[in-house]
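In what follows, a structure is listed as structure tokens, so that the remarks can point back to it.
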Amino acid sequence: MSCFLVAGLGNPGAKYENTRHNVGFMVLDFLSQELGFTFNFDKKFNTQIGSIHIDSHKIFFLKPHTFMNLSGESIAPFARYFNITRILVIHDDLDLAFGDVRFKLGGSSGGHNGLKSIDKAMGEDYLRLRFGIGRNTQQDVVTYVLSDFSAEEKKQLCATMPCMRDAIMYFYTTQENTQQILSILQNRFTLRQSKIESAYCKR
1 MSCFLVAGLG NPGAKYENTR HNVGFMVLDF LSQELGFTFN FDKKFNTQIG
51 SIHIDSHKIF FLKPHTFMNL SGESIAPFAR YFNITRILVI HDDLDLAFGD
101 VRFKLGGSSG GHNGLKSIDK AMGEDYLRLR FGIGRNTQQD VVTYVLSDFS
151 AEEKKQLCAT MPCMRDAIMY FYTTQENTQQ ILSILQNRFT LRQSKIESAY
201 CKR
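Sequential numbering from 1 applies to the sequence shown in this note's numbering.
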């Protein structure tokens, strides 16, 4: 059986639940509802873990409890333990307009501390699903990413969830190599400032 990994980045605790920096956690919570799995805390890897089986594959879903800046300390040991090489990390991105969804393989962290931690712990060779949160020139970066989404932003985020779900499942069910997968994801699942009404918004 081959094992795959989807890691959503965020900070644990109710205080951060609806903040922009917790997009990764929010996407995994949506997947949990859609795919019918639950999260349980694993002390060894300091993370919430869920999983599903698809054919001969097992897909793990991780929400690290290390706090954002130490995400790699949870994700890297887990990936090594299960010998996982197909990895997708979901994170917020200040450099994309709000609602944009893009995909990237390797490269710079773009100043994102969660990605910096992962890069340091296991290198840069993993796929990223980037959800744009834009910038607010009236706030410093830390205050902005740790503030809650507005009602309208949450609505737009919910509208992108089905597309992100489909992209994630495609990534883990196709037999193409990573470069081919990246090209297809970029062509088929890239979103730019989606304003679609969505029935998937649960909150």
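Ideal placement from N, C-alpha and C gives every residue a C-beta, glycine not left out. Owing to the predicted nature of the structure, the values given are computational and were not obtained by experimental measurement.
Could you spell out where the alpha helix (DSSP H) holding residue i opens and where it closes?
i	result
threonine 178	178-188
leucine 9	Here leucine 9 belongs to no alpha helix (DSSP H), and DSSP marks it neither H nor E.
glutamine 138	Looking at the DSSP string, glutamine 138 is not in any alpha helix (DSSP H), and its letter there is neither H nor E.
serine 56	It is not in any alpha helix (DSSP H) - serine 56 carries neither H nor E in the DSSP assignment.
Can you grab the Cα-Cα spacing for the pair residue i / residue j, in whole Å?
i	j	result
asparagine 40	tyrosine 16	19 Å
arginine 86	asparagine 69	22 Å
serine 109	threonine 47	22 Å
histidine 65	proline 12	6 Å
glycine 50	methionine 169	15 Å
glutamate 176	glutamine 138	44 Å
phenylalanine 61	aspartate 29	10 Å
arginine 130	lysine 43	28 Å
For residue i, which residues from the same chain have a beta carbon less than 7 Å from its beta carbon, with the 5 sequence-adjacent residues on both sides left out?
i	result
serine 2	Ser56, His57
phenylalanine 205	The chain is shown from 1 up to 203; residue 205 falls before or after that span and cannot be answered.
For residue i, which residues of its own chain have a beta-carbon under 6 Å away from its beta-carbon, when the five flanking residues on both sides are left out?
i	result
glutamine 186	Phe103
phenylalanine 82	Cys3
isoleucine 52	Leu35, Phe37, Ile59
Taking 7 Å as the cut-off, decide whether the C-beta atoms of residue i and residue j are in contact.
i	j	result
valine 27	methionine 164	yes
serine 71	glycine 114	yes
phenylalanine 189	alanine 167	yes
glycine 99	glutamine 156	yes
leucine 88	valine 142	no
phenylalanine 45	phenylalanine 78	yes
leucine 105	leucine 182	yes
Going along the chain, which residues of its own chain have a beta-carbon closer than 8 Å to the beta-carbon of residue i, five neighbours each way excluded?
i	result
valine 145	Thr19, Arg20, His21, Asp92, Leu94, Ile133
Would you kindly report the start and end of the unbroken beta strand (DSSP E) that includes residue i?
i	result
aspartate 29	Counting along the chain, aspartate 29 falls outside any beta strand (DSSP E), though it belongs to the alpha helix (DSSP H) covering 23-35.
phenylalanine 82	It is not in any beta strand (DSSP E) - phenylalanine 82 carries neither H nor E in the DSSP assignment.
Which full runs of the alpha helix (DSSP H) of 4+ residues lie inside the stretch 120-177, going along the chain?
141-145, 151-173
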